[in-house]
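The working numbering numbers the first residue of the sequence shown as 3 and each following residue consecutively. Below is one structure, written out as structure tokens, with a few remarks after it.
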Amino acid sequence: MNITAVVLEQAGAPMRLQTLHMQDPRPDEMRVRVVASGLCHTDISMLKRPFPVDQPIVLGHEGAGVVEAVGAAIGRFKPGDRVLLSYNHCQTCPSCLSHAPSYCHYFFGRNFLGQRPDGTTGLARQGQPVRHHFFGQSTFASHCLVNETNAIPVPEHIDHELFKMLGPMGCGLQTGAGAMFNVLRPEPGQSVVVLGSGAVGMAAIMAARAMGATTIVAVDRVASRLDLAQELGATHGVLANGDDWVARIKALCGGGAHVSLDTTAHPEVLRVGLEVLGPLGRCGFVGGAAPGTTLPVDVRDMMLGGKTLRGIVEGDANAQAFIPQLLRLHARGLFPFERMVRFYPLADFQQAIDDSLSGLTVKPILLP
Ligand SMILES: [Zn+2]
Ligand SMILES: [Zn+2]
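Right under this line is the structure:
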């Protein structure tokens with residue numbers, strides 16, 4: 003069948019809306035009609051080619067949609083079912099078997115190469131293959147082909163308006179919330195610093211509040227984001243400018259924080275994440291740093307302070323279990339992520355990218 007998709011022709015070139023041909027699903031695949039797709043910074047960073055991935059490719063990896071057709075080997079879903087999509091993983095490597103699927107030994111191949119594990123693609127244009135399966139989905143499109151592995155059923159009580167906002171659960175929101183709930187685990191009454199108040203940072207702030215952290219410092223270069231961060235649960239907002247912003251963060255945390263999270267993947271910011279910690283503090287970081295990025299660390303300070311530095315992929319979350327957890331928190335008013343969402347027609351993808359980069363919109367969601 004023919005589908006509509008936003009195609010990245012080559013890194014550095016603008017994306018274009020095009021008609022492509024999609025194969026019928028294979029036995030282990032489903033065709034999902036995309037209802038909405040979040041725009042994540044990993045999509046934007048792919049436009050500048052941080053990873054050696056072939057083009058043309060269809061990006062998009064925060065999909066919410068309706069199952070239209072299922073292959074013969076699909077057991078959990080049927081046409082008409084609503085699903086959220088998350089990252090793909092192999093289910094059989096040591097990480098997957100020990101319930102750490104975001105550290106799947108084949109994570110890169112399953113999520114970034116834009117092809118099935120056997121090297122084929124299900125999309126074509128004038129007979130030439132177009133890459134997809136980005137994070138096992140490629141949702142900047144009217145339709146996508148996915149496996150059962152990374153499809154999460156949507157509970158019946160979720161209404162359509164909320165359903166359209168749920169795609170980011172599969173990446174940005176679970177990344178930030180999971181960093182707190184699953185990895186950094188601040189205790190009630192402790193202090194948390196979140197560097198970068200984008201969607202990942204906001205999710206981390208909401209999670210830290212739900213966990214009972216009593217000092218939650220949001221840090222950003224855009225003042226309007228700090229206002230929203232404080233509405234969502236931050237107790238303080240620090241604008242990252244001038245000479246004393248790092249000192250101000252430390253002072254707010256009584257000299258040093260228990261936990262910090264860097265959501266920017268910039269080495270200078272990550273270094274601040276370590277610097278603002280008190281003794282035995284734990285710093286986590288997420289985000290797509292370019293290959294070869296290195297970090298100069300004050301080894302003596304780290305050792306004498308007993309500090310921990312931890313990389314985090316997808317919030318260490320097993321999406322099948324973790325997203326329902328976030329939905330239950332949302333139902334209790336403890337995870338009001340809808341406050342940062344703004345919708346755009348799929349054709350306006352460039353506006354969504356521009357608004358995300360300028361900080362005007364925290365979480366753009368594209369509607370095919
Ligand atoms: Zn695996
Ligand atoms: Zn993402």
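Yeah, the Cβ is synthetic: ideal placement off N, Cα and C, and Gly gets one too.
Quick one: measure Cβ to Cβ for residue i and residue j, integer angstroms, because I've assumed they're closer than 8 Å.
{"i": "N149", "j": "N90", "result": "6 Å"}
{"i": "V85", "j": "V9", "result": "In fact, because the Cβ distance is near 23 Å, the residues do not count as touching under 8 Å."}
{"i": "I355", "j": "I46", "result": "6 Å"}
{"i": "M342", "j": "L230", "result": "6 Å"}
{"i": "I367", "j": "M167", "result": "6 Å"}
{"i": "M182", "j": "A209", "result": "4 Å"}
{"i": "L228", "j": "A201", "result": "Rounded, the Cβ-Cβ distance is 15 Å, inconsistent with contact."}
{"i": "M24", "j": "G121", "result": "The Cβ separation is near 18 Å, so there is no contact."}
{"i": "P16", "j": "Q322", "result": "Incorrect: roughly 36 Å between the Cβ atoms, too far for contact."}
Beta carbon of residue i: closer than 7 Å to some heavy atom of ligand 2?
{"i": "G116", "result": "no"}
Tell me the DSSP bridge mates of residue i?
{"i": "P2", "result": "As displayed, the chain neither begins before 3 nor continues past 370, which places residue 2 out of reach and without an answer."}
{"i": "H145", "result": "R35"}
{"i": "I218", "result": "V194"}
{"i": "L263", "result": "V196 and G286"}
{"i": "V185", "result": "Looking at the DSSP assignment, V185 forms no beta bridge with any residue, so it has no partner."}
{"i": "V68", "result": "R35 and R84"}
{"i": "G313", "result": "F287"}
{"i": "G40", "result": "I367"}
{"i": "P131", "result": "A126"}
{"i": "V9", "result": "R18 and V60"}
{"i": "L336", "result": "DSSP, once it has assigned bridges, lists no residue as partnering L336."}
{"i": "L241", "result": "D222"}
Please classify residue i: does DSSP put it in a helix, a strand, or coil?
{"i": "R84", "result": "strand"}
{"i": "Q57", "result": "coil"}
{"i": "G155", "result": "Going by the sequence as given, residue 155 is Pro instead of Gly. Reduced to three states, the DSSP call for P155 is strand."}
{"i": "N4", "result": "strand"}
{"i": "S97", "result": "helix"}
{"i": "L49", "result": "coil"}
{"i": "F137", "result": "helix"}
{"i": "Q20", "result": "strand"}
{"i": "A236", "result": "coil"}
{"i": "T296", "result": "coil"}
{"i": "A126", "result": "strand"}
{"i": "G383", "result": "Residue 383 falls outside the range modelled here, since the chain spans only 3 to 370, and no answer is possible."}
{"i": "P119", "result": "coil"}
{"i": "R273", "result": "helix"}
{"i": "V248", "result": "helix"}
{"i": "P281", "result": "strand"}
{"i": "L329", "result": "helix"}
{"i": "L168", "result": "coil"}
{"i": "A201", "result": "helix"}
{"i": "G361", "result": "coil"}
{"i": "Y89", "result": "coil"}
{"i": "I160", "result": "coil"}
Would a check of beta-carbon distances place residue i closer than 8 Å to chain B?
{"i": "E340", "result": "You won't find chain B in this structure, because it holds only one protein chain."}
Is residue i close to ligand 3? I mean its beta-carbon at under 7 Å from any heavy atom of the ligand.
{"i": "D318", "result": "Among the ligands in the structure shown, ligand 3 does not appear; only ligand 1 and ligand 2 can be found there."}
- Closer than 5 Å: residues whose CB approaches a heavy atom of ligand 1: Listed along the chain, these residues meet the criterion: H91, C92, C95, C98 and C106.
- Task: Kindly provide the chain-ordered list of residues whose Cβ lies closer than 5 Å to any non-hydrogen atom of ligand 2.
- Result: Every residue passing the under-5 Å Cβ criterion appears here: C42, T44 and C173.
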